[in-house]
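Residue numbers (the working numbering), protein chains in the order written: chain A, 1055 to 1168; chain B, 24 to 135.
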């Protein structure tokens, strides 16, 4: 059974710092991996999607890497800003028939202090 | 505007009452999903539907029911059998055959 773990559960950094969020998964047979952002009381916003054949994806100050063989992904945030404060969720996609099922980690809650 | 809408934003349930959460999408997506999120935890899959008039149980389906009579709508009923319904409920949709899911804004269910 696929399990996704995110470490740390919470992180507090000063503004301007570069930081790394970690995600690990137990079964390397994934279709893709997604990183989401969730603001308090809101839905999820997709940040980056990495296909299983890819090693990394970049969007602005965000860079996500994927190492299937070791079952790990990292989300790198450069030059963090207070507006980056949110919960970041990692999820892997496993297919059952024609339906991709997302399996989520518990999330890392990030606070960036001005 | 294309997207997924959920209503209401907040919902209150009395003891022994069934309540229904609405989820509508105009993205022409075939697949739709319902998740439950508890504080400090990730999302857990309740039910999903790949096509109209078909749906499958997820990991925590007990105490919930769904219907998929129209492609754009996937309502979730929280029945009185669900003993711990207080949570944040998220609906999502995806094109058939793709893993990417798009999420609605969520409904917070509280028990009176």
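Cβ coordinates follow ideal geometry from the N, Cα and C atoms, glycine included.
Check                                                                                                                               : Outcome
What residues match up with residue 79 of chain B in a beta bridge as DSSP calls it?                                                : B:71
I'd like to know whether the C-beta of residue 1086 of chain A is nearer than 9 Å to at least one C-beta of chain B.                : yes
Does the beta carbon of residue 48 of chain B come closer than 9 Å to any beta carbon on chain A?                                   : no
If the cut is a Cβ gap below 7 Å, which residues of chain B does residue 1156 of chain A touch?                                     : 124
Name the chain A residues that come within less than 8 Å of residue 128 of chain B, Cβ to Cβ?                                       : 1096, 1097
Contact between the segment 32–50 of chain B and the segment 1075–1083 of chain A: three or more CB pairs below 8 Å?                : no
With DSSP run on the structure shown, which of helix, strand or coil describes residue 1136 of chain A?                             : helix
Considering just the uninterrupted stretch of the beta strand (DSSP E) at residue 105 of chain B, what are its terminal residues?   : Careful: residue 105 of chain B lies outside any beta strand (DSSP E) and carries neither H nor E.
Within 10 angstroms of its Cβ, does residue 39 of chain B collect 16 or more other Cβ (buried), or is it exposed?                   : exposed
Which chain B residues are close to residue 1160 of chain A, counting only those with a beta carbon under 9 Å from its beta carbon? : 63, 64, 65
Skipping 5 residues on each side, what residues in its chain have a beta carbon closer than 8 Å to that of residue 133 of chain B?  : 33, 34, 35, 36, 109
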